[in-house]
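With my numbering, letter number 88 in the sequence shown gets 540, and the count goes up by one each step, no holes.
Heads up: the structure comes next, in structure tokens.
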Amino acid sequence: MRSPAETVDEYLDLVEARWSDVAREVAAICTTELGEDVAAIRYGMPCWSRGDDAELAFAVQRRHLSLYVMRTAVMAAHRDALSGLSVGKGCVRFPTPGSIDLELVRSLVVATARDGGDIC
Numbered sequence: 453m454r455s456p457a458e459t460v461d462e463y464l465d466l467v468e469a470r471w472s473d474v475a476r477e478v479a480a481i482c483t484t485e486l487g488e489d490v491a492a493i494r495y496g497m498p499c500w501s502r503g504d505d506a507e508l509a510f511a512v513q514r515r516h517l518s519l520y521v522m523r524t525a526v527m528a529a530h531r532d533a534l535s536g537l538s539v540g541k542g543c544v545r546f547p548t549p550g551s552i553d554l555e556l557v558r559s560l561v562v563a564t565a566r567d568g569g570d571i572c
């Protein structure tokens, strides 16, 4: 579901209460580690971009938090660490707030910041 939010802060204010704290932590990690990238609402969710390319985004959805990592090499390098989670080509779905390993999220974000390779 697309959020009607126009800013990342507004998005975070609208997140369901049980996801609020962890969504704010994920957003803080993204903002800290992708400092040169631009954070904005794109595709109805918080998204960090380098130039025109969306590199990383997340969305709190009904049954999970989806973290979209658009760098192919980053997803490949973290494939083993993501075992046990629902993982697609560029998406990691965390089923509950407690299932989110913030150090894993930070590792994905830092790797995204360093990678200049292909977008998936």
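From the three backbone atoms N, C-alpha and C, an ideal C-beta is built for every residue, glycine too.
Item: Is it true that the segment 453–465 meets the segment 482–493, where meeting means three or more beta-carbon pairs spaced less than 8 Å apart?; Value: yes
Item: Spatial neighbours of L486 within its chain, please: CB distance less than 6 Å, with the 5 preceding and 5 following residues excluded, ordered by chain position.; Value: W500, A565
Item: In the DSSP assignment, find the unbroken beta strand (DSSP E) run with L519 in it and report its ends.; Value: 517–521
Item: At what residue ranges does the segment 462–514 contain a whole run of the beta strand (DSSP E), taking only runs of 3 or more?; Value: 490–494, 497–502, 505–512
Item: Note the first and the last residue of the continuous alpha helix (DSSP H) segment covering R558.; Value: 554–566
Item: Measuring CB atoms only, is the segment 467–479 touching the segment 527–545, in the sense that at least three cross pairs come out at less than 8 Å?; Value: no
Item: For a quick check, are the C-beta atoms of V544 and I481 less than 8 Å apart?; Value: no
Item: Going by the CB atoms, is the gap between D567 and A509 shorter than 8 Å?; Value: no
Item: Of the residues D532, M527, P547, which one's Cα is nearest the Cα of V512?; Value: P547
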